[in-house]
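As they're listed, the protein sequences go chains A and B.
Per the working numbering, the first sequence starts with residue 1, numbered consecutively.
Per the working numbering, the second sequence starts with residue 1001, numbered consecutively.
Even glycine gets a Cβ: it sits at the ideal position worked out from N, Cα and C.
Protein chains: 2
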Amino acid sequence: MSCTNTLKRKGIRLTPQRRLILDAIHDADAHLTAEDIISCVQARMPEVHRSTVYRTLELLERTGCVYQSELSGRIIYHHADEGHHHHLVCSECARVVECEESLFESVERSLAERHGFSATLRHLVISGLCAECASRKEGYDPTQERR
Amino acid sequence: MSCTNTLKRKGIRLTPQRRLILDAIHDADAHLTAEDIISCVQARMPEVHRSTVYRTLELLERTGCVYQSELSGRIIYHHADEGHHHHLVCSECARVVECEESLFESVERSLAERHGFSATLRHLVISGLCAECASRKEGYDPTQERR
DNA sequence: ATCGCAATTGCATCCAGTCGCAATTATATG
DNA sequence: CATATAATTGCGACTGGATGCAATTGCGAT
């Protein structure tokens, strides 16, 4: 748990609330939504306000301890020393597949060369159709509602 | 304005409310947020409810008349026959640069080959640092707030 | 130990977006 | 033209997240 050191070094106070939030993210195996983290923290310390959690998460992202990204409209958080990867989200069945970071290296290079833009493609969410849904959907009519 | 035909062909009713929403998107030169569209529509027909606008926008996206994407946490809309492109958003100065669609063709191919996933990379939003900010920020401390 | 001040918290409130529901309206049919 | 039916609308309530403010708290200097 090197991030407590990181925080101390930056002169950021390690309050009980913040410790709980860090614990929640560390103990989790999967991605957590902000809501997950809030209930996890409040289970042990009910008076912690959700705005405190949101602010802390933003702080942790700025200090590089946590990565923030978006999955189907919700912000999710994951610990920084998990490996990076991207998410492929099927717009039909909502299945989520992870894919390697390396796929985008060439894009990062092109962006740097052509636009002088240094992108941080650590966690993209890409929507499309997964293999099954793509094959199943011959006479598909996008006018219809999706589940 | 081919989308009115598209809608008629799909048996979707062209109500006055929907016509106003389509007009707003057509008349706009830049990307519109949902909020922009709502106030634009309500200027001419004040009783139109925001939920109607949101539902219509979702419908227009499903029928392919309008594209929806996300720019700095807000959903934006643009007319389908604008050319596609991606957005590079500088996380320092919030400047937005457009970049060509072609950059991601190789990624689309790899996703299809390796994951059987057919991605629709019509409008990505990529955050990172623009050229100016990258050069300016030598002793940059991410702990500090950004404007 | 304690004092002073900046950092942090909880609270209240706001904002964008979603959803269920009941009332309304467009269209197809007789 | 009347009417039945399904699509659409407006409304209100709710959700996730952000923010300004006043009260509290952690911590460095003494």
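Checking the DSSP bridge columns, you'll see Y77(A) partnered with L32(A) and Q68(A). In the DSSP annotation of this structure, the continuous segment of the alpha helix (DSSP H) that includes V1107(B) starts and ends at E1105 to H1115. Taking CB atoms only, H49(A) has no neighbour in chain B less than 8 Å away.
Here DSSP, grouped into helix, strand and coil, assigns C99(A) to strand.
Under the criterion of beta carbons closer than 8 Å, V48(A) and Q17(A) qualify as touching, at roughly 5 Å. No Cβ of chain B is located within less than 8 Å of the beta carbon of H87(A). As the crow flies, the alpha-carbon of R1114(B) is around 45 Å from that of T1015(B). Closest in alpha carbon position to L32(A), among S118(A), H85(A), L71(A) and C90(A), is L71(A). Here C93(A) has C133 as same chain residues with Cβ atoms under 6 Å from its own Cβ, once five neighbours each way along the sequence are excluded. L1059(B) has its alpha-carbon roughly 30 Å from the corresponding atom of R1095(B).
The beta-carbon of A43(A) is placed no less than 8 Å from the nearest beta-carbon of chain B.
For the segment 1109-1123 of chain B, the beta-carbon criterion of a distance under 8 Å to any beta-carbon of chain A is satisfied by S1110, L1111, R1114, H1115, G1116, F1117, S1118, A1119, T1120 and L1121. In terms of Cα proximity to L121(A), the closest of I1126(B), E1035(B) and A1119(B) is I1126(B). Per DSSP, the unbroken alpha helix (DSSP H) holding L57(A) starts and ends at R50 to R62. Distance between G11(A) and N5(A), taken at the CA atoms: about 10 Å. For L1129(B), the uninterrupted beta strand (DSSP E) run begins and ends at V1125 to L1129, by DSSP.
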